[in-house]
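The numbers in the working numbering rise by one with no breaks, and the one at position 16 of the sequence shown is 396.
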Amino acid sequence: MNAFFKTCHDLPESAKEYIKARINLFKKMVAKPVALPKRNMSIVRKGISFFGVLTSVFTAYNLFRSSSTESIL
Numbered sequence: 381m382n383a384f385f386k387t388c389h390d391l392p393e394s395a396k397e398y399i400k401a402r403i404n405l406f407k408k409m410v411a412k413p414v415a416l417p418k419r420n421m422s423i424v425r426k427g428i429s430f431f432g433v434l435t436s437v438f439t440a441y442n443l444f445r446s447s448s449t450e451s452i453l
C-alpha cells in the first residue's frame, strides 16, 4: 500500500484521501464476510465430528449387539 501512495505523491491531497478512504472501505467490506464464516465453519466442523463420533459409537454398539445375539443363537 505504501509503495502505491509513494508512486502517487504528485496527486492532489483530496485524491490521496479519496483513494485511502476507498481502500479502507474495501478492507472493511472484505474483512467482515470473511471473519464470520470462519467462526461458523468451526461450529459446523465440531457438529460434524460430534455426529460422526455418535454414529460410529452407535454402529459399533449395533455390531456388538448383533454379534452377541448370533452367538447366543
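Using N, Cα and C, we set each Cβ at its ideal position, and we do this for glycine too. All values derive from a computational prediction rather than experimental measurement.
So, at 8 Å on beta carbons, what are the nonlocal neighbours of residue i in its own chain, with the 5 sequence-adjacent residues on each side left out?
i: residue 437; result: none
Note down the Cα distance separating residue i from residue j, rounded to an integer number of angstroms.
i: residue 403; j: residue 422; result: 29 Å
i: residue 425; j: residue 396; result: 44 Å
i: residue 446; j: residue 429; result: 25 Å
i: residue 439; j: residue 431; result: 12 Å
i: residue 433; j: residue 401; result: 49 Å
i: residue 443; j: residue 427; result: 24 Å
Taking 6 Å as the limit between beta carbons, can you name the residues of its chain near residue i, skipping five residues before and five after?
i: residue 441; result: none
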